[in-house]
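Protein chains in written order, with the numbering used here: chain A, 972 to 1307; chain B, 972 to 1307.
The beta-carbon is built from N, C-alpha and C at its ideal position, and this holds for glycine as well.
These numbers were taken from a predicted model, which means no experiment stands behind them.
To start, the structure itself, in structure tokens.
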DNA sequence: TTGTCGGCAGACAACGTTGTCAGGCGCCTT
DNA sequence: AAGGCGCCTGACAACGTTGTCTGCCGACAA
């Protein structure tokens, strides 16, 4: 296994100085065409590959790399964000370190630290932590940070997210307006800001609708579709089962839909989910959801990050995108 | 904005030599506890962050980073691979550059070149190119490469994939055995090895089943669900419409299912898809698919890559995973 | 002819880190 | 007391690159 050739090797072959090779590689002016040709031949002969690590070390400028830390790159929501960020980054030649946090605070800290060591220019974060002040030193020393999907806490950083609370309220009001009073709520870990806000929206709507909150209808801390299925199944066994379900995240909605179908109640118990998901419109009945423009969210977040890296100054910006209720059938089922 | 402090700064504050700081940071032996404590205090005071770029430059060892180039990180198949690779990588502290190729050869070449410049240790590739010999120089100079999902061509590299041809044959034979003779085939770009192999399997099955191939039932070059929907819709308008559809990729299957549903034929035209997808079991009727163990594929590929990076020698290994036909209803519909 | 100027090329140091080696100090042995 | 050994510590060079500066050469003007 040969080792990669360096500018020094190229210089030796082309019989020029190392610096001249550097000039040719970087398309700097001040090299006569003849010499440049000589150098280029040598570069090709030796299959020269530029070493960006060394270059960046010397230049001390941007590395054209960012970190994108998401909840789970295999989840369609995170994946869509990643893809959107990748697309805006590619245009400027920026590459992306991607990683999943699985809501583990410690993993977030370790990954951030690791990526900082690798001199990333920016960080796009869907945080697992609920306090982001640990990043303030990094921001002070030049790291650009944009938080996506969740609120920033304890840090002056840009943020792109949706109004989860009002989105959830709209969903539950939709069910109330169809006559439901026994509305279940499925939620992820309450430590997740998004989940907590959606729960707050659920409570808001019940309260202003004059409906008492029944803890039997509240299932929180659900971490996946299967658990959501179980939760709904057991609620359906209650003496007074819920007549409608509001589910706080796409995976939970799929789990809830399965539970209803298996119980033969898909057409009699209403269902509204937060987050759209593939094939939501193809189920029977099609699933009513609170939709957010994930692609726009990712693109905006990516753009804001790149702008910050490019040097934009100014106070942190918070972009709160709207959500849309998409009625498809499941959410318009009346109570019995 | 202050600049990050270096070992030199720490050394100055702790009144020791730079090298002693290096020893403490790297947990090397040979520093008295007293001095080490002094240094650690200084490290904390200055919020020292290790510079891996400089470290790697000097050490000339592994950078503990790999590139993962997939078709589209937002596609559930690619995303699942990415996630599996991430999981095996994280264990060894390896970080992942992720990117989407969208079947564009030029993008693959550029990304590879960019990542090589960043000194990645390995490359996990779902190639857009059909000739991978351009990588042989990189392999010779120390890059480990594993190709996933598709065959390797012109390069001595490891590979993890499924037997697409036989999987497709099984799917079509399944339809034949239920009595179908007019079986449509939906496929992606024929330049994609996977798509071509599946088409070959389709043709194999028809031939050995004694069924003549009808070009009207062949729709190739379909790049997304919508196009697949259109293709199926127009086939259903034929004088002799197909009685069954075999779809060559998950997105196309979703598109086909939609077309059948919209035409009111979901229960009368059979459908089998290659690749499983979320909610395939929740549609009406549930969709019969050729399933592959994507998670295993990603994990294996990642492990092989990390082993190569760790120095495993020997000839390239090719792992061909089996596929499974999962009958769910849509594929068992008989012809009229 | 001399002085100057522009274009080109190379020597050198530096980015932040680590491997190598040499030196100093205290302690033990003879 | 002299020698030797082990433990710490630091000076130095090097990884591959690039910014700065100096110097050379030929051409042109005075």
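{"Check": "Candidates 1077/B, 1152/B, 1101/B, 1298/B: which alpha carbon is nearest residue 1162/B's?", "Outcome": "1101/B"}
{"Check": "Going by C-alpha distance, which of 1090/B, 1121/B, 1215/B is nearest residue 1074/B?", "Outcome": "1121/B"}
{"Check": "Does the beta-carbon distance from residue 1070/A to residue 1265/A come in below 9 Å?", "Outcome": "no"}
{"Check": "Cβ of residue 1293/B within 9 Å of Cβ of residue 1123/B?", "Outcome": "no"}
{"Check": "Residues in the same chain with beta-carbon distance under 6 Å from residue 1230/A, minus the five sequence neighbours each way, listed in chain order, please.", "Outcome": "1200, 1203, 1204"}
{"Check": "Just checking my contact of residue 1160/B with residue 1166/B at CB under 8 Å: how many whole Å lie between their CB atoms?", "Outcome": "6 Å"}
{"Check": "Does the region 1087 to 1103 of chain B come close enough to the region 1121 to 1140 of chain B to have 3 or more Cβ pairs within less than 8 Å?", "Outcome": "yes"}
{"Check": "Unbroken beta strand (DSSP E) runs of length 3 or more, entirely within the region 1104 to 1147 of chain B: which are they?", "Outcome": "1115 to 1119, 1129 to 1133"}
{"Check": "Taking the continuous alpha helix (DSSP H) assigned at residue 1049/A, which residues delimit it?", "Outcome": "1047 to 1062"}
{"Check": "Quick check on residue 1245/B - is its C-beta less than 9 Å from some C-beta in chain A?", "Outcome": "no"}
{"Check": "Might you give, ordered along the chain, the residues of its own chain that have their beta carbon closer than 6 Å to the beta carbon of residue 1172/A, omitting 5 neighbours on each side?", "Outcome": "1136, 1139, 1140"}
{"Check": "If you count every other CB in all the chains shown that lies within 10 Å of the CB of residue 1301/B, and 16 or more means buried, which is it?", "Outcome": "buried"}
{"Check": "Among 1037/B, 1052/B, 1036/B, which has the Cα closest to the Cα of residue 1043/B?", "Outcome": "1052/B"}
{"Check": "Can you check DSSP and say which residues form a bridge with residue 1244/B?", "Outcome": "1218/B, 1260/B"}
{"Check": "Using a beta-carbon distance below 9 Å, is residue 1104/B in contact with chain A?", "Outcome": "no"}
{"Check": "Can you check whether the C-beta of residue 963/A is within less than 9 Å of a C-beta belonging to chain B?", "Outcome": "Shown here, chain A extends from 972 to 1307; a query on residue 963/A therefore has no answer."}
{"Check": "Using DSSP with H/G/I as helix, E/B as strand and the rest coil, what is residue 983/B?", "Outcome": "helix"}
{"Check": "Checking contacts by CB at 9 Å: is residue 1268/A closer than that to chain B?", "Outcome": "no"}
{"Check": "Shortest alpha-carbon distance to residue 1169/B belongs to which of 1018/B, 1186/B, 1244/B?", "Outcome": "1244/B"}
{"Check": "Go ahead and pull the three-state DSSP assignment for residue 1196/A.", "Outcome": "helix"}
{"Check": "Using the beta-carbon count (16 or more within 10 Å), is residue 1030/B buried or exposed?", "Outcome": "exposed"}
{"Check": "Mind pulling the chain A residues with CB within less than 9 Å of residue 1047/B?", "Outcome": "1045, 1047, 1050, 1249"}
{"Check": "Give every residue of the same chain whose Cβ lies closer than 7 Å to the Cβ of residue 990/B, excluding the five residues on either side of it in the sequence, and list them in chain order.", "Outcome": "none"}
{"Check": "Thinking C-alpha only, which one of 1088/A, 1063/A, 1269/A is nearest residue 1064/B?", "Outcome": "1088/A"}
{"Check": "Determine the DSSP secondary structure at residue 1295/A, reduced to helix, strand or coil.", "Outcome": "strand"}
{"Check": "Which same chain residues end up closer than 7 Å to residue 1211/B when comparing Cβ atoms and leaving out the 5 residues on each side of it in sequence?", "Outcome": "1153"}
{"Check": "Closer than 9 Å by beta-carbon distance: list the chain B residues that pair up with residue 1125/A, in chain order.", "Outcome": "Chain B residues near residue 1125/A: none, gap ~17 Å exceeds 9 Å."}
{"Check": "Please look up how many angstroms separate the CB atoms of residue 975/B and residue 972/A, rounded, as I've assumed it's under 8 Å.", "Outcome": "Not confirmed; about 34 Å, so no contact."}
{"Check": "With DSSP as the reference, label residue 1155/A as helix, strand or coil.", "Outcome": "strand"}
{"Check": "Shorter than 9 Å from the beta carbon of residue 998/B to some beta carbon of chain A?", "Outcome": "no"}
{"Check": "Near residue 1130/A, what residues of its chain come up, given a Cβ to Cβ distance below 6 Å and the 5 sequence neighbours on each side ignored?", "Outcome": "1118, 1123, 1289"}
{"Check": "For residue 1038/A, write down the residues that DSSP places opposite it in a beta bridge.", "Outcome": "1068/A, 1094/A"}
{"Check": "Let me know if residue 1015/A comes out buried or exposed under the rule of 16 or more other beta-carbons within 10 Å of its beta-carbon.", "Outcome": "exposed"}
{"Check": "Would you give the residue range spanned by the alpha helix (DSSP H) that residue 1086/B belongs to?", "Outcome": "1076 to 1088"}
{"Check": "Got a sec? Which residues, its chain only, sit under 7 Å from residue 1048/B by beta carbon, not counting five neighbours each side?", "Outcome": "1221, 1246, 1265"}
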